[in-house]
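> Protein chains in written order, with our numbering: chain A, 1 to 103; chain B, 1 to 103.
There are 2 protein chains.
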Amino acid sequence: MKTAENASRRFHALADETRLKIIDRLRDGEECVCNLTGPLGMRQSLLSFHLRTLKDAGIIRDRKEGRWVYYSLNFDVLDEMLTTLEALKKPRKGLRLIAPRCE
Amino acid sequence: MKTAENASRRFHALADETRLKIIDRLRDGEECVCNLTGPLGMRQSLLSFHLRTLKDAGIIRDRKEGRWVYYSLNFDVLDEMLTTLEALKKPRKGLRLIAPRCE
DNA sequence: TTGACTGATCAAGATTGTTTGATACATTTC
DNA sequence: GAAATGTATCAAACAATCTTGATCAGTCAA
């Protein structure tokens, strides 16, 4: 199941407080790495590691400008995750009212 | 941030292919553990471990009946996760059109 | 060209998560 | 009661992920 692999990688990217805080910072728009280390109070190499994790999952994009790098949310992927999550709630075939019994 | 801790634990529960497959099996309604080991092709103790992970995150509930245990999705928590995911897309304050410059 | 600065990468260690097999516990059946 | 069954838990092995500090590559300005 290729889909499950993709989905689990995306959810894994959100399964970390540090990365959720990074995303929270990006909600207002794109942000330079240099403007993230301070507010998030973390070392540059650690921030870089988490940004890469989010980028590999497709949740954020990067844009290089001179010696700075700006990161921003990828709304398309966030929307796809919403769709995935919605799908988990819907029955696969017909709705089954009674669970199969063990004997 | 208590919310971030909670959210990351929930996303972590979905950050695993095996657990996504378990959830997929529960989409049609509650299911007995004994009806999961076979289709998922996994050892009982491993299944039990993953069910616990999902239950600790609040994503599934269990119901004991005799010597069987039935698991089912907790739609309330899935809805809360949808809300969390939606929130990540919305700006925190006012929309900022231009990213802060580094100098 | 040199020096300063931004950000990525790497290796090593620390932490956390997953898998396995064995065992324990509760419930049912005989 | 004893045996059988369904499920949870435990310890140990293994695997993946996170954190740290050091170093490297690219860019800019003097």
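The C-beta atom is built at its ideal place from N, Cα and C for all residues, glycine as well.
Which residue wins for smallest C-alpha separation from residue 69(B), given the options 36(B), 42(B) and 80(B)?
Looking up residue 69(B) in the second sequence gives position 69. Minimum Cα distance to residue 69(B) is reached at 36(B).
> Would the region 7-22 of chain B and the region 5-16 of chain A be scored as touching if the rule is three or more Cβ pairs under 8 Å?
The region 7-22 of chain B is in contact with the region 5-16 of chain A.
> Would you please verify whether the beta carbon of residue 43(B) is less than 8 Å from any beta carbon of chain A?
Reading the second sequence from its first residue, position 43 is the one you call residue 43(B). Judged by the 8 Å Cβ criterion, residue 43(B) is not in contact with chain A.
> Hey, is residue 85(B)'s beta-carbon within less than 8 Å of any beta-carbon in chain A?
As a working note, residue 85(B) is residue 85 in the second sequence. Interface residue, yes.
> Residue 20(A) and residue 4(B) look like a contact to me (Cβ under 8 Å); what is the Cβ gap, rounded to whole Å?
As a position in the first sequence, residue 20(A) is number 20, starting the count at 1. As a position in the second sequence, residue 4(B) is number 4, starting the count at 1. That belief holds up - the Cβ atoms of residue 20(A) and residue 4(B) are roughly 5 Å apart, short of 8 Å.
> Determine the contact status of residue 23(A) and residue 73(A), defining contact as a CB-CB distance below 8 Å.
Reading the first sequence from its first residue, position 23 is the one you call residue 23(A). Reading the first sequence from its first residue, position 73 is the one you call residue 73(A). Closer than 8 Å, so yes.
> Excluding five sequence neighbours on each side, which residues of the same chain lie with their C-beta closer than 8 Å to the C-beta of residue 55(B)?
The sequence position of residue 55(B) within the second sequence is 55, counting from 1. Within the same chain, residue 55(B) has close Cβ partners 61, 62 and 71.
> Counting only beta-carbon atoms, is residue 76(A) nearer than 8 Å to chain B?
Within the first sequence, residue 76(A) is the residue found at index 76, counting from 1. Chain B contact via Cβ: absent.
> Output, in chain order, the set of chain A residues within a Cβ distance shorter than 7 Å of residue 15(B).
Start at 1 with the first residue of the second sequence, and residue 15(B) comes out as number 15. Within chain A, the residues near residue 15(B) are 8, 11, 12 and 15.
> Counting only runs that start and end within the region 56-84 of chain B, where is the beta strand (DSSP E) found for 3 or more residues in a row?
Qualifying beta strand (DSSP E) stretches, in chain order: 60-65 and 68-73.
> Given 7 Å as the limit, tell me if residue 67(A) has its C-beta closer than that to any heavy atom belonging to the ligand ZN.
Judged by which ligands are present, the structure shown has none, so any question about the ligand ZN falls away.
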